[in-house]
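Read in the UniProt record's numbering, the sequence shown has 472 at position 472, and its numbers run on one by one without any break.
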Amino acid sequence: MHDKTIAELSAALARGEFSSVELTEHFLGRIESLDGGLNSFVTITGEQALAAAREADARRARGEAGPLTGVPMAHKDIFCTDGVRTTCGSKMLDNFIAPYDAGVVERFRAAGCPMLGKTNMDEFAMGSSNETSFHGPVKNPWDTGRVPGGSSGGSAAAVAARLTPSATGTDTGGSIRQPASLCGVTGMKPTYGRVSRWGMIAFASSLDQGGPMAASAEDCALLANVMCGFDGRDSTSIECADEDFTARLDEPLKGLRIGLPREFFGDGMAPGVAAAVDEAIGEYRKLGAEVKDVTLPNSGLSVPAYYVVAPAECSSNLARFDGVRYGYRCENPKDLMDLYTRSRGEGFGAEVKRRIMVGTYALSAGYFDAYYLKAQKVRRLIAEDFRKAFEDVDVIMGPTSPTTAFRLGEKTDDPVSMYLSDIYTIAVNLAGLPGMSIPAGFSDGLPVGLQLIGNYFEEARLLGVAHQYQLVTDWHQRIPGGFA
(Lines of atoms letter the chains of each structure in order from A and count residues from 1; the text may use other names and numbers.)
(Lines give C-alpha, C1' and ligand atoms only; values in the text may rest on other atoms or scores of the structure.)
Protein backbone atom coordinates (compact mmCIF):
# COMPACT_ATOMS: atom_id res chain seq x y z
CA MET A 1 0.00 0.00 0.00
CA HIS A 2 2.85 2.41 0.75
CA ASP A 3 3.98 2.47 -2.88
CA LYS A 4 0.70 4.05 -4.00
CA THR A 5 0.11 7.78 -4.42
CA ILE A 6 -2.60 9.58 -2.48
CA ALA A 7 -4.76 9.61 -5.60
CA GLU A 8 -4.34 5.83 -5.92
CA LEU A 9 -5.03 5.26 -2.22
CA SER A 10 -8.18 7.37 -2.43
CA ALA A 11 -9.43 5.37 -5.41
CA ALA A 12 -8.62 2.06 -3.68
CA LEU A 13 -10.51 3.13 -0.55
CA ALA A 14 -13.49 4.07 -2.72
CA ARG A 15 -13.41 0.62 -4.35
CA GLY A 16 -13.24 -1.08 -0.96
CA GLU A 17 -9.88 -2.78 -1.61
CA PHE A 18 -8.93 -2.01 1.99
CA SER A 19 -10.26 0.08 4.84
CA SER A 20 -8.81 3.23 6.35
CA VAL A 21 -8.07 1.25 9.51
CA GLU A 22 -6.03 -1.29 7.53
CA LEU A 23 -4.23 1.49 5.68
CA THR A 24 -3.46 3.40 8.88
CA GLU A 25 -2.22 0.25 10.62
CA HIS A 26 0.08 -0.40 7.66
CA PHE A 27 1.75 3.01 7.92
CA LEU A 28 1.95 2.89 11.73
CA GLY A 29 3.72 -0.45 11.34
CA ARG A 30 6.21 1.04 8.90
CA ILE A 31 6.92 3.93 11.25
CA GLU A 32 7.52 1.54 14.16
CA SER A 33 9.84 -0.72 12.18
CA LEU A 34 11.69 1.78 9.99
CA ASP A 35 11.83 5.19 11.65
CA GLY A 36 14.41 4.22 14.24
CA GLY A 37 17.14 4.81 11.68
CA LEU A 38 15.69 8.10 10.42
CA ASN A 39 14.32 9.92 13.48
CA SER A 40 11.72 11.61 11.27
CA PHE A 41 8.94 11.51 13.89
CA VAL A 42 8.88 13.26 17.26
CA THR A 43 5.49 11.95 18.37
CA ILE A 44 3.45 9.01 17.05
CA THR A 45 -0.31 9.21 17.62
CA GLY A 46 -1.32 5.62 16.93
CA GLU A 47 -4.49 5.38 19.03
CA GLN A 48 -5.76 8.74 17.82
CA ALA A 49 -5.00 7.81 14.19
CA LEU A 50 -6.88 4.50 14.42
CA ALA A 51 -9.88 6.21 16.04
CA ALA A 52 -9.92 8.73 13.18
CA ALA A 53 -9.58 5.88 10.67
CA ARG A 54 -12.60 4.10 12.14
CA GLU A 55 -14.60 7.31 11.85
CA ALA A 56 -13.40 7.73 8.25
CA ASP A 57 -14.59 4.22 7.40
CA ALA A 58 -17.96 5.03 8.97
CA ARG A 59 -18.19 8.22 6.92
CA ARG A 60 -17.42 6.28 3.77
CA ALA A 61 -20.11 3.71 4.63
CA ARG A 62 -22.60 6.58 5.00
CA GLY A 63 -21.60 7.97 1.60
CA GLU A 64 -20.06 11.10 3.15
CA ALA A 65 -16.43 10.59 2.10
CA GLY A 66 -14.35 13.22 0.36
CA PRO A 67 -11.24 12.65 -1.79
CA LEU A 68 -8.89 12.41 1.23
CA THR A 69 -11.21 10.74 3.73
CA GLY A 70 -9.36 7.85 5.35
CA VAL A 71 -5.94 8.66 3.86
CA PRO A 72 -3.47 9.08 6.76
CA MET A 73 -0.90 11.86 6.97
CA ALA A 74 1.55 13.55 9.34
CA HIS A 75 1.99 17.13 10.53
CA LYS A 76 5.20 19.04 11.00
CA ASP A 77 5.69 19.61 14.72
CA ILE A 78 5.22 23.35 14.26
CA PHE A 79 1.42 23.05 13.93
CA CYS A 80 -0.54 23.05 17.19
CA THR A 81 -2.54 19.86 17.73
CA ASP A 82 -5.22 19.67 20.39
CA GLY A 83 -4.15 17.34 23.21
CA VAL A 84 -0.89 16.34 21.49
CA ARG A 85 2.45 17.94 22.34
CA THR A 86 3.80 20.49 19.90
CA THR A 87 7.53 20.95 20.51
CA CYS A 88 8.69 22.95 17.49
CA GLY A 89 11.88 20.90 17.75
CA SER A 90 12.89 22.80 20.88
CA LYS A 91 13.61 22.10 24.53
CA MET A 92 11.67 25.31 25.18
CA LEU A 93 8.40 23.61 24.14
CA ASP A 94 9.23 19.99 24.83
CA ASN A 95 6.43 19.72 27.41
CA PHE A 96 3.89 21.95 25.61
CA ILE A 97 0.53 20.34 24.84
CA ALA A 98 -1.54 22.61 22.65
CA PRO A 99 -5.15 23.23 23.79
CA TYR A 100 -6.40 23.71 20.22
CA ASP A 101 -5.81 22.70 16.61
CA ALA A 102 -4.06 24.95 14.11
CA GLY A 103 -6.20 26.07 11.20
CA VAL A 104 -4.39 23.65 8.87
CA VAL A 105 -4.89 20.75 11.29
CA GLU A 106 -8.59 21.59 11.59
CA ARG A 107 -8.98 21.40 7.84
CA PHE A 108 -7.36 17.97 7.56
CA ARG A 109 -9.37 16.64 10.49
CA ALA A 110 -12.56 17.85 8.80
CA ALA A 111 -11.45 16.12 5.59
CA GLY A 112 -11.16 12.83 7.48
CA CYS A 113 -7.38 12.35 7.40
CA PRO A 114 -6.02 10.29 10.33
CA MET A 115 -2.92 11.93 11.85
CA LEU A 116 -0.08 9.41 12.17
CA GLY A 117 2.05 11.77 14.26
CA LYS A 118 4.22 14.89 14.35
CA THR A 119 7.42 15.11 12.32
CA ASN A 120 10.84 16.28 13.47
CA MET A 121 12.17 19.68 12.40
CA ASP A 122 14.92 22.23 12.93
CA GLU A 123 14.34 24.13 16.17
CA PHE A 124 11.66 26.79 15.58
CA ALA A 125 12.15 26.11 11.85
CA MET A 126 15.63 27.67 11.94
CA GLY A 127 17.96 25.53 9.89
CA SER A 128 18.63 23.97 6.51
CA SER A 129 19.69 20.49 7.59
CA ASN A 130 17.40 19.34 10.43
CA GLU A 131 20.42 19.18 12.73
CA THR A 132 19.28 21.92 15.14
CA SER A 133 16.39 19.88 16.55
CA PHE A 134 16.37 19.23 20.30
CA HIS A 135 15.24 15.69 19.40
CA GLY A 136 18.37 14.99 17.37
CA PRO A 137 19.03 15.15 13.63
CA VAL A 138 16.82 13.55 11.00
CA LYS A 139 18.66 11.33 8.53
CA ASN A 140 18.16 11.19 4.79
CA PRO A 141 16.63 7.83 3.73
CA TRP A 142 18.72 7.81 0.53
CA ASP A 143 21.91 7.89 2.66
CA THR A 144 21.55 7.95 6.43
CA GLY A 145 24.94 9.60 6.76
CA ARG A 146 23.51 12.70 5.09
CA VAL A 147 21.03 15.41 6.03
CA PRO A 148 17.45 15.51 4.72
CA GLY A 149 17.43 19.30 4.47
CA GLY A 150 15.45 21.62 6.66
CA SER A 151 13.58 22.85 8.39
CA SER A 152 10.86 20.41 7.24
CA GLY A 153 13.36 17.56 7.08
CA GLY A 154 11.27 15.17 9.15
CA SER A 155 8.31 15.57 6.82
CA ALA A 156 10.48 15.14 3.72
CA ALA A 157 12.28 12.06 5.05
CA ALA A 158 9.04 10.43 6.20
CA VAL A 159 7.41 10.95 2.80
CA ALA A 160 10.53 9.78 0.91
CA ALA A 161 10.71 6.58 3.00
CA ARG A 162 6.96 6.09 2.50
CA LEU A 163 6.29 6.15 6.23
CA THR A 164 3.36 8.45 5.44
CA PRO A 165 1.58 9.26 2.17
CA SER A 166 1.99 12.98 2.86
CA ALA A 167 3.02 15.53 5.45
CA THR A 168 2.62 19.22 6.06
CA GLY A 169 5.62 21.50 6.03
CA THR A 170 6.37 25.18 6.42
CA ASP A 171 8.55 27.34 4.23
CA THR A 172 10.19 30.55 5.49
CA GLY A 173 13.20 30.61 3.18
CA GLY A 174 12.97 27.28 1.38
CA SER A 175 12.09 24.92 4.22
CA ILE A 176 9.63 22.87 2.15
CA ARG A 177 11.41 23.01 -1.21
CA GLN A 178 15.01 22.40 -0.11
CA PRO A 179 14.29 19.21 1.91
CA ALA A 180 11.92 18.07 -0.85
CA SER A 181 14.86 18.38 -3.25
CA LEU A 182 17.34 16.61 -0.98
CA CYS A 183 14.93 13.74 -0.24
CA GLY A 184 13.45 13.32 -3.74
CA VAL A 185 9.83 14.26 -3.01
CA THR A 186 7.43 16.93 -4.25
CA GLY A 187 6.82 19.98 -2.05
CA MET A 188 4.98 23.24 -2.63
CA LYS A 189 5.10 26.63 -0.94
CA PRO A 190 1.87 28.47 -1.88
CA THR A 191 1.51 32.22 -2.32
CA TYR A 192 1.97 34.00 1.01
CA GLY A 193 -1.43 34.21 2.70
CA ARG A 194 -2.98 31.19 0.90
CA VAL A 195 -2.58 28.91 3.94
CA SER A 196 -3.68 29.83 7.45
CA ARG A 197 -0.89 30.65 9.87
CA TRP A 198 -3.28 30.43 12.86
CA GLY A 199 -1.83 27.89 15.27
CA MET A 200 1.39 27.60 13.26
CA ILE A 201 4.15 28.65 15.66
CA ALA A 202 5.74 31.77 14.20
CA PHE A 203 9.35 32.15 13.13
CA ALA A 204 9.20 35.11 10.72
CA SER A 205 5.63 36.27 10.30
CA SER A 206 5.98 38.00 6.92
CA LEU A 207 7.71 34.96 5.38
CA ASP A 208 6.28 31.77 6.98
CA GLN A 209 3.88 29.76 4.85
CA GLY A 210 2.55 26.24 5.23
CA GLY A 211 2.41 23.83 2.32
CA PRO A 212 2.04 20.17 1.30
CA MET A 213 4.72 17.52 0.82
CA ALA A 214 3.99 14.26 -1.00
CA ALA A 215 5.31 11.97 -3.71
CA SER A 216 3.69 13.70 -6.68
CA ALA A 217 2.30 17.00 -7.91
CA GLU A 218 -1.14 15.43 -8.24
CA ASP A 219 -1.01 14.50 -4.57
CA CYS A 220 0.07 18.03 -3.62
CA ALA A 221 -2.89 19.40 -5.60
CA LEU A 222 -5.29 17.20 -3.62
CA LEU A 223 -3.67 18.31 -0.37
CA ALA A 224 -3.78 21.99 -1.39
CA ASN A 225 -7.52 21.68 -1.98
CA VAL A 226 -7.83 21.00 1.75
CA MET A 227 -4.99 23.12 3.07
CA CYS A 228 -5.57 26.43 1.30
CA GLY A 229 -8.35 28.82 2.21
CA PHE A 230 -9.20 32.01 4.09
CA ASP A 231 -9.03 32.03 7.89
CA GLY A 232 -10.40 35.10 9.64
CA ARG A 233 -8.33 34.30 12.75
CA ASP A 234 -5.11 34.92 10.77
CA SER A 235 -4.52 38.58 9.95
CA THR A 236 -2.18 37.61 7.08
CA SER A 237 -4.72 35.26 5.45
CA ILE A 238 -5.86 36.37 2.00
CA GLU A 239 -9.57 36.25 1.25
CA CYS A 240 -10.06 34.80 -2.20
CA ALA A 241 -12.43 32.34 -3.84
CA ASP A 242 -11.90 28.63 -3.22
CA GLU A 243 -10.03 26.97 -6.05
CA ASP A 244 -9.70 23.42 -7.35
CA PHE A 245 -5.96 22.94 -7.60
CA THR A 246 -6.40 19.79 -9.69
CA ALA A 247 -8.19 21.72 -12.45
CA ARG A 248 -5.10 22.34 -14.61
CA LEU A 249 -3.26 19.05 -14.11
CA ASP A 250 -4.14 17.82 -17.62
CA GLU A 251 -3.42 21.11 -19.37
CA PRO A 252 -0.90 20.57 -22.22
CA LEU A 253 2.36 22.51 -22.11
CA LYS A 254 2.60 23.51 -25.75
CA GLY A 255 3.41 27.21 -25.83
CA LEU A 256 4.27 27.42 -22.12
CA ARG A 257 6.96 30.07 -21.66
CA ILE A 258 9.68 28.97 -19.23
CA GLY A 259 12.17 31.48 -17.91
CA LEU A 260 15.67 30.47 -16.84
CA PRO A 261 17.27 33.10 -14.55
CA ARG A 262 20.87 33.46 -15.55
CA GLU A 263 21.68 34.20 -11.88
CA PHE A 264 20.60 30.64 -10.95
CA PHE A 265 23.00 28.95 -13.37
CA GLY A 266 26.36 30.41 -12.42
CA ASP A 267 29.14 29.36 -10.08
CA GLY A 268 28.27 27.38 -6.98
CA MET A 269 25.98 24.78 -8.53
CA ALA A 270 27.35 21.24 -8.38
CA PRO A 271 27.96 19.70 -11.84
CA GLY A 272 25.66 16.76 -11.15
CA VAL A 273 22.84 19.11 -10.15
CA ALA A 274 23.39 21.21 -13.29
CA ALA A 275 23.26 18.12 -15.50
CA ALA A 276 20.00 16.87 -13.96
CA VAL A 277 18.35 20.30 -14.20
CA ASP A 278 19.44 20.68 -17.85
CA GLU A 279 17.98 17.26 -18.65
CA ALA A 280 14.69 18.17 -16.95
CA ILE A 281 14.43 21.38 -18.93
CA GLY A 282 15.08 19.34 -22.06
CA GLU A 283 12.03 17.21 -21.20
CA TYR A 284 9.95 20.37 -20.99
CA ARG A 285 11.14 21.36 -24.45
CA LYS A 286 9.97 17.96 -25.73
CA LEU A 287 6.58 18.63 -24.15
CA GLY A 288 6.23 21.78 -26.24
CA ALA A 289 7.40 24.47 -23.84
CA GLU A 290 9.43 27.47 -24.99
CA VAL A 291 12.54 28.29 -22.98
CA LYS A 292 14.08 31.74 -22.70
CA ASP A 293 16.58 33.53 -20.49
CA VAL A 294 15.38 36.00 -17.87
CA THR A 295 17.25 38.06 -15.33
CA LEU A 296 16.67 38.62 -11.63
CA PRO A 297 19.41 41.17 -10.99
CA ASN A 298 18.76 41.60 -7.28
CA SER A 299 18.46 37.91 -6.44
CA GLY A 300 22.07 37.88 -5.25
CA LEU A 301 20.97 40.13 -2.40
CA SER A 302 18.28 37.74 -1.22
CA VAL A 303 20.41 35.87 1.33
CA PRO A 304 21.73 38.98 3.15
CA ALA A 305 18.28 40.61 3.04
CA TYR A 306 16.63 37.47 4.40
CA TYR A 307 19.15 37.12 7.22
CA VAL A 308 18.21 40.58 8.44
CA VAL A 309 14.43 40.36 8.01
CA ALA A 310 13.94 36.80 9.32
CA PRO A 311 16.08 37.14 12.49
CA ALA A 312 14.45 40.51 13.24
CA GLU A 313 11.00 38.96 13.10
CA CYS A 314 12.13 35.87 15.03
CA SER A 315 13.56 38.11 17.76
CA SER A 316 10.12 39.66 18.17
CA ASN A 317 8.13 36.41 17.89
CA LEU A 318 10.27 34.41 20.30
CA ALA A 319 10.11 37.06 23.03
CA ARG A 320 6.96 35.30 24.30
CA PHE A 321 9.02 32.29 25.44
CA ASP A 322 10.17 33.66 28.76
CA GLY A 323 9.65 30.83 31.26
CA VAL A 324 6.62 32.52 32.78
CA ARG A 325 3.54 31.52 30.81
CA TYR A 326 4.31 28.16 29.22
CA GLY A 327 7.20 26.07 28.01
CA TYR A 328 10.55 25.46 29.69
CA ARG A 329 11.25 27.13 33.03
CA CYS A 330 14.62 27.06 34.77
CA GLU A 331 14.89 25.62 38.26
CA ASN A 332 15.04 27.81 41.38
CA PRO A 333 15.37 31.27 39.77
CA LYS A 334 16.81 33.91 42.12
CA ASP A 335 14.68 36.73 40.71
CA LEU A 336 12.71 37.68 37.61
CA MET A 337 15.78 38.56 35.54
CA ASP A 338 17.40 35.25 36.44
CA LEU A 339 14.18 33.46 35.44
CA TYR A 340 14.18 35.14 32.02
CA THR A 341 17.86 34.75 31.23
CA ARG A 342 18.32 31.18 32.41
CA SER A 343 15.00 29.91 30.99
CA ARG A 344 15.85 31.32 27.58
CA GLY A 345 19.53 30.42 27.80
CA GLU A 346 18.76 26.80 28.71
CA GLY A 347 15.63 26.42 26.58
CA PHE A 348 16.90 27.68 23.24
CA GLY A 349 19.56 26.01 21.09
CA ALA A 350 22.62 27.70 19.58
CA GLU A 351 21.11 28.54 16.17
CA VAL A 352 17.98 30.08 17.68
CA LYS A 353 20.09 32.18 20.06
CA ARG A 354 22.25 33.31 17.15
CA ARG A 355 19.25 34.52 15.16
CA ILE A 356 17.62 36.21 18.15
CA MET A 357 20.82 38.14 18.81
CA VAL A 358 21.25 39.16 15.17
CA GLY A 359 17.60 40.21 14.95
CA THR A 360 17.64 42.17 18.19
CA TYR A 361 20.74 44.03 17.01
CA ALA A 362 19.13 44.83 13.63
CA LEU A 363 16.07 46.28 15.36
CA SER A 364 17.95 48.27 17.99
CA ALA A 365 18.07 52.06 18.10
CA GLY A 366 20.57 53.44 15.63
CA TYR A 367 20.66 50.30 13.50
CA PHE A 368 17.02 49.86 12.43
CA ASP A 369 17.37 52.16 9.38
CA ALA A 370 20.78 50.82 8.41
CA TYR A 371 19.78 47.15 8.48
CA TYR A 372 16.09 46.26 8.79
CA LEU A 373 14.70 49.14 6.73
CA LYS A 374 17.38 48.67 4.07
CA ALA A 375 16.63 44.94 3.87
CA GLN A 376 12.95 45.68 3.36
CA LYS A 377 13.80 48.03 0.49
CA VAL A 378 15.93 45.32 -1.11
CA ARG A 379 13.02 42.93 -0.65
CA ARG A 380 10.84 45.26 -2.71
CA LEU A 381 13.46 45.30 -5.48
CA ILE A 382 13.56 41.49 -5.53
CA ALA A 383 9.78 41.33 -5.89
CA GLU A 384 9.94 43.86 -8.71
CA ASP A 385 12.50 41.70 -10.56
CA PHE A 386 10.03 38.82 -10.51
CA ARG A 387 7.19 41.07 -11.67
CA LYS A 388 9.19 42.13 -14.72
CA ALA A 389 10.22 38.54 -15.49
CA PHE A 390 6.63 37.34 -15.43
CA GLU A 391 5.74 39.87 -18.11
CA ASP A 392 7.67 37.64 -20.54
CA VAL A 393 7.32 34.12 -19.10
CA ASP A 394 4.70 31.95 -17.40
CA VAL A 395 6.95 29.92 -15.10
CA ILE A 396 10.51 30.32 -13.86
CA MET A 397 12.67 27.21 -13.43
CA GLY A 398 16.04 26.37 -12.00
CA PRO A 399 17.73 24.25 -9.35
CA THR A 400 16.13 24.04 -5.92
CA SER A 401 19.42 23.54 -4.09
CA PRO A 402 22.99 24.12 -5.34
CA THR A 403 24.05 20.66 -4.14
CA THR A 404 22.62 17.29 -3.25
CA ALA A 405 22.33 16.27 0.41
CA PHE A 406 25.53 17.01 2.33
CA ARG A 407 26.94 14.91 5.15
CA LEU A 408 25.70 15.18 8.73
CA GLY A 409 27.93 17.61 10.61
CA GLU A 410 29.55 18.93 7.43
CA LYS A 411 28.28 22.50 7.82
CA THR A 412 27.33 22.77 11.49
CA ASP A 413 30.43 24.83 12.31
CA ASP A 414 29.98 27.13 9.32
CA PRO A 415 26.63 28.96 9.60
CA VAL A 416 27.19 31.07 6.48
CA SER A 417 27.81 27.99 4.34
CA MET A 418 24.64 26.47 5.80
CA TYR A 419 22.66 29.64 5.00
CA LEU A 420 23.80 29.46 1.36
CA SER A 421 22.00 26.11 1.02
CA ASP A 422 18.86 28.20 0.43
CA ILE A 423 20.38 30.58 -2.10
CA TYR A 424 17.87 29.68 -4.85
CA THR A 425 14.77 29.53 -2.65
CA ILE A 426 14.90 32.58 -0.39
CA ALA A 427 13.97 35.16 -3.04
CA VAL A 428 10.61 33.43 -3.53
CA ASN A 429 9.71 33.95 0.13
CA LEU A 430 10.85 37.56 0.14
CA ALA A 431 8.55 38.20 -2.82
CA GLY A 432 5.69 36.08 -1.41
CA LEU A 433 5.43 34.00 -4.61
CA PRO A 434 4.40 30.35 -4.95
CA GLY A 435 7.16 27.84 -5.63
CA MET A 436 7.67 24.12 -5.62
CA SER A 437 10.35 21.48 -5.95
CA ILE A 438 9.91 18.26 -7.91
CA PRO A 439 12.29 15.29 -8.25
CA ALA A 440 14.36 15.68 -11.42
CA GLY A 441 17.01 12.98 -11.31
CA PHE A 442 19.99 11.84 -9.29
CA SER A 443 23.64 12.74 -8.86
CA ASP A 444 25.89 10.07 -7.36
CA GLY A 445 22.81 8.26 -6.08
CA LEU A 446 21.30 11.31 -4.36
CA PRO A 447 18.12 13.14 -5.47
CA VAL A 448 18.16 16.43 -7.36
CA GLY A 449 15.21 18.83 -7.28
CA LEU A 450 13.92 21.15 -9.99
CA GLN A 451 12.40 24.38 -8.68
CA LEU A 452 9.30 25.85 -10.34
CA ILE A 453 8.29 29.43 -9.49
CA GLY A 454 4.96 30.93 -10.49
CA ASN A 455 3.26 34.31 -10.37
CA TYR A 456 0.98 35.15 -7.47
CA PHE A 457 -1.95 32.72 -7.04
CA GLU A 458 -0.70 30.55 -9.93
CA GLU A 459 -0.43 27.36 -7.85
CA ALA A 460 -2.81 25.44 -10.14
CA ARG A 461 -0.64 26.23 -13.15
CA LEU A 462 2.55 25.24 -11.29
CA LEU A 463 0.99 21.95 -10.24
CA GLY A 464 -0.09 21.25 -13.82
CA VAL A 465 3.38 22.02 -15.17
CA ALA A 466 4.89 19.68 -12.59
CA HIS A 467 2.30 16.95 -13.24
CA GLN A 468 2.92 16.92 -16.99
CA TYR A 469 6.63 16.37 -16.34
CA GLN A 470 5.86 13.57 -13.89
CA LEU A 471 3.69 11.83 -16.49
CA VAL A 472 6.79 11.30 -18.67
CA THR A 473 9.37 10.67 -15.91
CA ASP A 474 9.47 8.38 -12.91
CA TRP A 475 11.85 10.18 -10.56
CA HIS A 476 9.00 10.89 -8.14
CA GLN A 477 8.18 7.17 -7.96
CA ARG A 478 11.65 6.11 -6.78
CA ILE A 479 11.81 4.80 -3.19
CA PRO A 480 15.10 4.61 -1.25
CA GLY A 481 16.65 1.18 -0.84
CA GLY A 482 15.51 -0.52 2.35
CA PHE A 483 12.18 1.30 2.33
CA ALA A 484 10.53 -0.06 -0.81
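Just so you know, even glycine gets a beta-carbon here, dropped at the ideal spot from N, CA and C. These numbers come from a predicted model, not from an experiment.
Contact set for residue i: own chain, Cβ-Cβ below 6 Å, skip 5 residues either direction
| i | result |
| --- | --- |
| Gly199 | Cys80, Ala102, Gly103 |
| Ala204 | Thr172, Ala310, Glu313, Cys314 |
| Gly464 | Arg248, Leu249, Glu251 |
| Gly327 | Met92, Leu93, Phe96, Phe321 |
| Arg257 | Glu290, Val393, Asp394 |
| residue 490 | With the chain covering only 1 through 484, there is no way to say anything about residue 490. |
| Pro114 | Thr24, Ala49, Ala52, Ala53, Pro72 |
| Arg355 | Met126, Pro311, Cys314 |
| Gly359 | Pro311, Ala312, Cys314, Ser315 |
Backbone CA spacing between residue i and residue j [nearest angstrom]
| i | j | result |
| --- | --- | --- |
| Asn225 | Ala241 | 12 Å |
| Trp475 | Arg85 | 35 Å |
| Gly345 | Phe321 | 11 Å |
| Asp413 | Gly398 | 28 Å |
| Thr186 | Gly149 | 13 Å |
| Cys183 | Ser235 | 33 Å |
| Met121 | Ala74 | 13 Å |
| Tyr284 | Ser417 | 32 Å |
| Ala217 | Glu47 | 30 Å |
| Ile382 | Tyr306 | 11 Å |
| Arg146 | Glu64 | 44 Å |
| Tyr419 | Ser155 | 20 Å |
| Leu471 | Arg233 | 39 Å |
| Ser151 | Ser175 | 5 Å |
| Ser259 | Lys292 | The residue asked about is misnamed: residue 259 is Gly in this sequence, not Ser. Going from the Cα of Gly259 to the Cα of Lys292 covers about 5 Å. |
| Glu8 | Ala214 | 13 Å |
| Val352 | Leu13 | 43 Å |
| Leu318 | Glu243 | 34 Å |
| Thr5 | Leu223 | 12 Å |
| Lys254 | Gly288 | 4 Å |
| Gly229 | Lys189 | 14 Å |
| Tyr371 | Val308 | 7 Å |
| Glu279 | Ile438 | 13 Å |
| Gly211 | Val42 | 19 Å |
| Gly449 | Pro415 | 23 Å |
| Ile396 | Ile281 | 11 Å |
| Thr168 | Gly36 | 21 Å |
Closest residue to residue i among the options (Cα-Cα distance)
| i | options | result |
| --- | --- | --- |
| Thr45 | Phe18, Arg62, Asp82 | Asp82 |
| His2 | Ala14, Arg15, Glu25 | Glu25 |
| Gly481 | Glu279, Glu17, Arg162 | Arg162 |
| Gln178 | Lys4, Thr404, Tyr371 | Thr404 |
| Asp422 | Gln451, Ala202, Asp35, Val277 | Gln451 |
| Ala11 | Leu68, Thr132, Thr87, Leu34 | Leu68 |
| Ser196 | Leu13, Ile78, Ser401, Lys374 | Ile78 |
| Leu408 | Thr400, Glu131, Cys88, Gly16 | Glu131 |
| Ile201 | Lys374, Asp369, Val105, Ala276 | Val105 |
| Pro304 | Ala280, Met188, Ala375 | Ala375 |
| Gln350 | Leu34, Asp219, Ser90, Gly36 | Correcting the residue identity first, residue 350 is Ala in this sequence and not Gln. For the residues Leu34, Asp219, Ser90, Gly36, the minimum Cα distance to Ala350 belongs to Ser90. |
| Ala110 | His135, Ile356, Gly66, Arg355 | Gly66 |
| Tyr424 | Pro402, Gly282, Gly359, Gln477 | Pro402 |
| Ser181 | Arg59, Gly136, Val277, Glu391 | Val277 |
| Leu112 | Leu373, Val159, Arg60 | Here the sequence assigns Gly to residue 112, which means Leu is not the residue at that position. Closest by alpha carbon: Arg60. |
Cutoff 8 Å; reference residue i; Cβ partners in own chain excluding five residues on either side
| i | result |
| --- | --- |
| residue 500 | Any question about residue 500 goes unanswered here, given that the chain covers just 1 to 484. |
| Ala221 | Phe245, Thr246, Leu249, Ala460, Leu463, His467 |
| Tyr456 | Thr191, Gly432, Leu433, Pro434 |
| Thr295 | Pro261, Arg262, Glu263, Asp385, Ala389 |
| Gly445 | Trp142, Asp143 |
| Asp208 | Ala125, Thr170, Asp171, Thr172, Arg197, Met200, Ala202 |
| Leu301 | Val378, Leu381, Ile382 |
Test: residue i CB closer than 7 Å to a CB of chain D
| i | result |
| --- | --- |
| Asp414 | Looking for chain D here will not work: only one protein chain is present. |
Residues near residue i in its chain [Cβ-Cβ closer than 7 Å; skip 5 each side]
| i | result |
| --- | --- |
| Cys330 | Gly323, Leu339, Arg342, Ser343, Glu346 |
| Phe108 | Met73, Val226 |
| Gly193 | Thr236, Ser237, Ile238 |
| Lys411 | Ser129, Ser417, Met418 |
| Pro297 | Asp385 |
| Phe483 | Leu34, Pro141, Ala161, Arg162 |
| Val138 | Leu38, Asn39, Ser40, Asn120, Asn130, Pro148, Gly153, Gly154, Ala157 |
| Ser133 | Gly89, Asn120, Met121, Asp122, Glu123 |
Closer than 6 Å: residue i CB and nearest the ligand SAH heavy atom
| i | result |
| --- | --- |
| Glu32 | With respect to the ligand SAH, the structure shown offers nothing to examine, as it has no ligands at all. |
Continuous beta strand (DSSP E) assignments of at least 3 residues falling wholly in the region 265-304: 290-294
Segments of 3+ residues assigned as beta strand (DSSP E) that fall wholly inside the region 379-459: 395-399, 435-443, 446-454
Contact between the region 142-159 and the region 329-336 (3+ Cβ pairs under 8 Å): no
contact_flag[the region 118-133, the region 23-36] where n(CB pairs < 8 Å) is 3 or more: no
Cβ contact check for the region 357-364 and the region 262-272: 3 or more pairs under 8 Å: no
Those runs of the alpha helix (DSSP H) which lie wholly inside the region 309-386 and span at least 4 residues: 336-347, 350-363
Contained alpha helix (DSSP H) runs [length at least 4] in the region 149-233, N- to C-terminal order: 153-160, 177-183, 217-227
Inside the region 36-102 only - beta strand (DSSP E) runs reaching at least 3 residues: 41-44, 73-76
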